[in-house]
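J.: Residue numbers for the sequence shown follow full-length UniProt numbering, so the first one is 1 and each next one is one higher. By construction, the Cβ of each residue, glycine as well, lies at the ideal position given by its N, Cα and C atoms.
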Amino acid sequence: MPTFYDPGADAGEASEALRGLAHATRTIEHPQDMYSVLGDLLSGVRSLRQVLDQLASAHASNRELAFDDYGDHASGSADALAAADELHQTATLIDQAEDRLNVAMSAAGRIAWHSEPSTEQVPVRRWVSVVFLQGSEADEVLDMIDRDGPDAAITYLKNWDYGDETTDAAMENGHVYDLPPAGMLDREVRYGDYQMTYNHSFGHVGLYRLHTIEPDDVLDDEPTRPAIAHAEEMRAVPDGSWFEHSGVAAVKQSRGLGL
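#1: Given a cut-off of 8 angstroms on the beta-carbon distance, is the pair residue 276 and A84 in contact?
#2: Since I believe Y194 is in contact with I145 (beta carbons under 8 angstroms), could you give me their beta-carbon distance rounded to a whole number of angstroms?
#3: Beta carbon of L52, beta carbon of T90: below 8 angstroms?
#4: Using a Cβ-Cβ cut-off of 8 angstroms (strictly less than) and excluding sequence neighbours within five positions of A60, which residues of its own chain qualify?
#5: At which residue ranges does the region 69 to 155 contain complete beta strand (DSSP E) runs of 3 or more residues, listed in the order of the chain?
#6: Would Q134 pass as a contact of H204 if the rule is Cβ separation under 8 angstroms?
#7: For my contact list, A169 and V176 are in at a C-beta cut-off of 8 angstroms; report their separation, rounded to the angstrom.
#8: If you count every other CB in all the chains shown that lies within 10 Å of the CB of M196, and 16 or more means buried, which is it?
#9: Pull up the distance between the alpha-carbon of A11 and that of L18, whole angstroms please.
#10: May I ask you to report which of helix, strand or coil DSSP gives N173?
#11: Measuring only the C-alpha atoms, how far is S43 from P181?
#12: Using only CA atoms, which one of V128, H23, L157 lies nearest to D164?
#13: Which full runs of the beta strand (DSSP E) of 3+ residues lie inside the region 172 to 206, going along the chain?
#14: If the criterion is Cβ atoms closer than 8 angstroms, does the pair L101 and V37 meet it?
#15: Is DSSP giving H30 helix, strand or coil here?
#16: Could you pull out every residue in the same chain whose Cβ sits closer than 8 angstroms to the Cβ of L48, ignoring the five residues on either side in sequence?
#17: Quick check on this structure: which residue in V124, V141, P123 has the alpha carbon closest to the alpha carbon of V131?
#18: Could you check what DSSP says for Y35 in three-state terms: helix, strand or coil?
#19: With a cut-off of 8 angstroms on the beta carbons, I'd call Y198 and R187 a contact; round off their distance for me.
#20: With a threshold of 6 angstroms on Cβ separation, who are the neighbours of V189 within its own chain once the five nearest residues in sequence on each side are excluded?
#21: Quick check on DSSP: helix, strand or coil for T212?
#22: On the premise that P123 lies in contact with I213, defined as a C-beta separation below 8 angstroms, what is that separation, rounded to the nearest angstrom?
#23: From F202 to L179, what distance separates their C-alpha atoms?
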């Protein structure tokens with residue numbers, strides 16, 4: 001007898017497995033185990049890409065069966081095509097995630113984990129905030145992203161980078177991060193030593209730059225914050241406006257720009 005699969009049940013099992021993995025990786029006791037986890041994740045991402053493409057095709061090919069709640073076929077067919085298009089776009093984004101995960105796995109594969117920490121001091125690379133825009137200022141950059149692409153927007157935002165002045169402002173105000181701050185729905189684009197995060201829905205865009213801190217300049221109490229903490233801070237402003245941190249304010253003041 002042929003074996004029949006229930007896509008809904010299989011999806012539920014996959015979701016449960018990912019929740020279990022999320023819980024299991026909250027604490028990593030043995031760093032050497034991470035490489036095999038990355039391998040499993042890479043395989044899962046590739047399968048996810050295939051699933052998204054297949055769901056997109058299924059929505060498009062079955063649109064003759066699609067109606068809305070009032071029995072309107074034209075409306076149902078349009079929604080089926082819209083769903084297919086968005087699923088295809090999601091699959092394209094998954095391609096980008098696969099590429100980044102591939103690079104991460106390659107780097108992880110070059111690591112030889114030891115049981116004892118090193119006493120050697122090495123330079124530290126951290127992300128410093130260059131600029132964070134919101135409202136009408138962000139709208140101009142977001143329109144540029146749609147019109148000319150993310151690279152053009154990053155090139156434009158680099159005009160806010162005044163080198164040491166920008167770095168000093170970020171250091172002084174604690175806007176230095178292990179990873180660039182990004183919310184759950186933000187998009188991220190890397191361009192050399194810069195990374196841009198942006199969100200059309202919430203109307204904000206930020207640019208961050210990698211900065212190398214030499215061993216002699218590293219302080220035990222160096223003011224760094226996890227990226228996720230910064231992202232949550234941006235959402236916690238009482239008046240509902242987007243957070244513009246004091247580092248950006250300081251840089252604006254030093255350039256004679258109004259706040």
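T.: If we stick to the structure as given:
#1: Coverage of the chain is limited to positions 1 through 259, which leaves residue 276 absent and any answer about it impossible.
#2: With 8 angstroms as the limit, I145 and Y194 do not qualify as a contact, their Cβ atoms being about 14 angstroms apart.
#3: Yes; because the gap between Cβ atoms is below 8 angstroms, this pair is in contact.
#4: So the qualifying residues of the chain are A80, L81, A84.
#5: The DSSP assignment places 124 to 134 as complete runs of the beta strand (DSSP E) inside the region 69 to 155, in order along the chain (cut-off: 3 residues).
#6: Contact flag set, yes.
#7: Their Cβ separation, rounded to whole angstroms, is 11 angstroms, which puts A169 and V176 out of contact at 8 angstroms.
#8: Flag for M196 reads buried.
#9: As the crow flies, the alpha-carbon of A11 is around 11 angstroms from that of L18.
#10: It is helical.
#11: The alpha-carbon atoms of S43 and P181 are separated by roughly 27 angstroms.
#12: Among V128, H23, L157, the Cα nearest to that of D164 is on V128.
#13: Listed in chain order, the beta strand (DSSP E) runs fully inside the region 172 to 206 are 187 to 191, 194 to 199, counting runs of at least 3 residues.
#14: The Cβ atoms of L101 and V37 do not sit closer than 8 angstroms to each other.
#15: In the structure shown, H30 falls within a coil segment according to DSSP collapsed to helix, strand and coil.
#16: The residues are I94.
#17: Closest option to V131, Cα to Cα, is V141.
#18: Here Y35 sits in helix by DSSP.
#19: With a contact defined as Cβ atoms closer than 8 angstroms, Y198 and R187 qualify at about 6 angstroms.
#20: Excluding residues within five positions, the ones whose Cβ falls inside 6 angstroms are P150, M196.
#21: Three-state result, T212: strand.
#22: Right, the Cβ-Cβ distance comes to about 6 angstroms (below 8 angstroms), so this counts as a contact.
#23: Rounded to the nearest angstrom, the two C-alpha atoms are 21 angstroms apart.
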